[in-house]
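Chemist:
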Amino acid sequence: MRYILVTGAYGGMGKKTVEALKQQGFGVIALDQKVGAAEAQVFPLQADLTEEASVKRAFEAVKEITDELYAIIHFAGIYLLDSMVEIENERFTRAFQVNLFGAFLVNKTFLPLLRSGSRIIITTSELAPLDPLPFTGIYAVTKGALDRYAYSLRMELQLLGITVSVLRAGAVDTGMLGVSTDALDRFCEHTQLYTCNAARFRRIVGQVEARRVPPDAIAGKMLHILRAKRPGFVYTINRNPLLLLLNILPKRLQLWAIRQVLK
Numbered sequence: 002m003r004y005i006l007v008t009g010a011y012g013g014m015g016k017k018t019v020e021a022l023k024q025q026g027f028g029v030i031a032l033d034q035k036v037g038a039a040e041a042q043v044f045p046l047q048a049d050l051t052e053e054a055s056v057k058r059a060f061e062a063v064k065e066i067t068d069e070l071y072a073i074i075h076f077a078g079i080y081l082l083d084s085m086v087e088i089e090n091e092r093f094t095r096a097f098q099v100n101l102f103g104a105f106l107v108n109k110t111f112l113p114l115l116r117s118g119s120r121i122i123i124t125t126s127e128l129a130p131l132d133p134l135p136f137t138g139i140y141a142v143t144k145g146a147l148d149r150y151a152y153s154l155r156m157e158l159q160l161l162g163i164t165v166s167v168l169r170a171g172a173v174d175t176g177m178l179g180v181s182t183d184a185l186d187r188f189c190e191h192t193q194l195y196t197c198n199a200a201r202f203r204r205i206v207g208q209v210e211a212r213r214v215p216p217d218a219i220a221g222k223m224l225h226i227l228r229a230k231r232p233g234f235v236y237t238i239n240r241n242p243l244l245l246l247l248n249i250l251p252k253r254l255q256l257w258a259i260r261q262v263l264k
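Numbering (our numbering), first residue to last: 2 to 264.
1) Helix or strand or just coil, what does DSSP make of residue 3?
2) Please say whether residue 32 and residue 22 have beta carbons closer to each other than 8 Å?
3) To which residues of the same chain is residue 63 closer than 6 Å at the C-beta, ignoring the five residues directly before and after it?
4) Mapping the DSSP letters down to three states, classify residue 76 as helix, strand or coil.
5) Per DSSP, which residues does residue 44 bridge with? Please list them.
6) Which residue wins for smallest C-alpha separation from residue 235, given the options 148, 8 and 79?
7) Residue 126 and residue 163 - do their beta-carbons sit closer together than 8 Å?
8) Among residues of its own chain, excluding the 5 on either side of residue 251, which ones have a beta-carbon nearer than 7 Å to its beta-carbon?
9) Going by CA-CA distance only, name the one from 74, 10 and 187 that's closest to residue 166.
10) For the alpha helix (DSSP H) that residue 58 lies in, which residues bound it at each end?
11) Can residue 140 and residue 80 be called in contact, C-beta distance under 8 Å?
12) So what does DSSP say about residue 165, is it helix, strand or coil?
13) Taking C-beta to C-beta, are residue 123 and residue 96 nearer than 8 Å?
14) Going by DSSP, which residues form a beta bridge with residue 170?
15) Mind checking whether residue 7 and residue 60 have CB atoms under 8 Å apart?
16) Return the first residue and the last residue of the alpha helix (DSSP H) that residue 15 is part of.
17) Which same chain residues, not among the five before or five after residue 38, have their C-beta less than 8 Å away from its C-beta?
18) Using beta-carbon positions only, say whether residue 229 and residue 17 come within less than 8 Å of one another.
19) So what's residue 8 in DSSP terms, helix, strand or just coil?
Encoded structure:
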């Protein structure tokens, strides 16, 4: 049996991917802060990916199950909306700890279990290569950094025969979107600088997130990457045409368009 480590395994995308991997005969080590009960081929493992000691304990636990991982799939992450000048320092730091440092720490710690032919798949965001909209900046910056980290990692690990790919997913029908909506509502209520702008931006977010794909689509894309003989670096799903069109414009026109909509 080949084993795959999945972080964020009990979130919406993670759960569906774990189910799909199990159906394909993989052994799945399901890593998350809150885990479910053990089941056939699924080994739940609790860990805080931002704490080195916790990840090291998880590594020792995994070694009791297997001495080799076929793949590491990253779903762990947080989505937030806030102002770049009003966000609390702790929230700013936490976003990088979860969205970037967690992936770095897991990959570095579990590297001894990867072999030539193994894969690492990191879920970033469709926003990673795009210019961020107002109030999505902190999320976009962390995912952009994660995307660049993944490419740097691919450049290095190719020398060991290990491939690294990113899945730039657009809006997915998971609980995370509900969390983001709640976060935007809280921001609109508490911001001292952008009250009118934020209220209008809420409507834009609703339009962007209206087109969602089910978590099953993410699971299917992950299986596709795992089956690929020569996995590419970038895979996309559910790219939003409005965001793509906005990013075609020169920077000056992008800024003008946003001012017209939100001022």
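No residue lacks a Cβ here, since even glycine has one placed at the ideal position from N, Cα and C.
Keep in mind that this is a model prediction, so the values were computed, not measured.
Modeler: Once the coordinates are examined:
1) Position 2 of the sequence shown holds residue 3. In this structure, residue 3 counts as coil in the three-state DSSP scheme.
2) Reading the sequence shown from its first residue, position 21 is the one you call residue 22. Reading the sequence shown from its first residue, position 31 is the one you call residue 32. Cβ atoms of residue 22 and residue 32: not closer than 8 Å.
3) Here the question's residue 63 lines up with position 62 in the sequence shown. Here the set comprises 30.
4) As a first step, residue 76 must be located in the sequence shown, where it is residue number 75. Three-state DSSP puts residue 76 in coil, outside helix and strand.
5) Counting from 1 along the sequence shown, the entry for residue 44 is found at position 43. Answer by DSSP bridge pairing, in chain order: 30.
6) By 1-based counting over the sequence shown, the position of residue 235 is 234. The candidate whose alpha carbon is nearest that of residue 235 is 148.
7) Against the sequence shown, residue 163 aligns to sequence position 162. Against the sequence shown, residue 126 aligns to sequence position 125. Not in contact: residue 163 and residue 126 (Cβ atoms no closer than 8 Å).
8) Residue numbering aside, residue 251 sits at position 250 when the sequence shown is read from its first letter. Short of 7 Å from the beta carbon of residue 251, and not among the five residues preceding or following it, lies no beta carbon of its own chain.
9) Looking up residue 166 in the sequence shown gives position 165. Here the closest residue by C-alpha is 74.
10) In the sequence shown, counting from the first residue as 1, residue 58 sits at position 57. Start and end: 53-64.
11) Translated into the one-based positions of the sequence shown, residue 140 becomes position 139. Translated into the one-based positions of the sequence shown, residue 80 becomes position 79. Closer than 8 Å, so yes.
12) The sequence position of residue 165 within the sequence shown is 164, counting from 1. It is a strand residue.
13) Position 122 of the sequence shown, counted from the first residue, corresponds to residue 123. Position 95 of the sequence shown, counted from the first residue, corresponds to residue 96. Not closer than 8 Å, so no.
14) For the purposes of this step, residue 170 is identified with residue 169 of the sequence shown, where counting begins at 1. DSSP lists 238 as partners of residue 170.
15) For the purposes of this step, residue 7 is identified with residue 6 of the sequence shown, where counting begins at 1. For the purposes of this step, residue 60 is identified with residue 59 of the sequence shown, where counting begins at 1. No, they are not a contact pair.
16) By 1-based counting over the sequence shown, the position of residue 15 is 14. Unbroken alpha helix (DSSP H) run through residue 15: 13-24.
17) Residue numbering aside, residue 38 sits at position 37 when the sequence shown is read from its first letter. So the list reads 45, once near-sequence residues are dropped.
18) For the purposes of this step, residue 229 is taken as the residue at position 228 of the sequence shown. For the purposes of this step, residue 17 is taken as the residue at position 16 of the sequence shown. Their beta carbons are not under 8 Å apart, which means residue 229 does not touch residue 17 by this criterion.
19) As a first step, residue 8 is located in the sequence shown; it is residue number 7 there, counting from the start. Note: residue 8 maps to strand in three-state DSSP.
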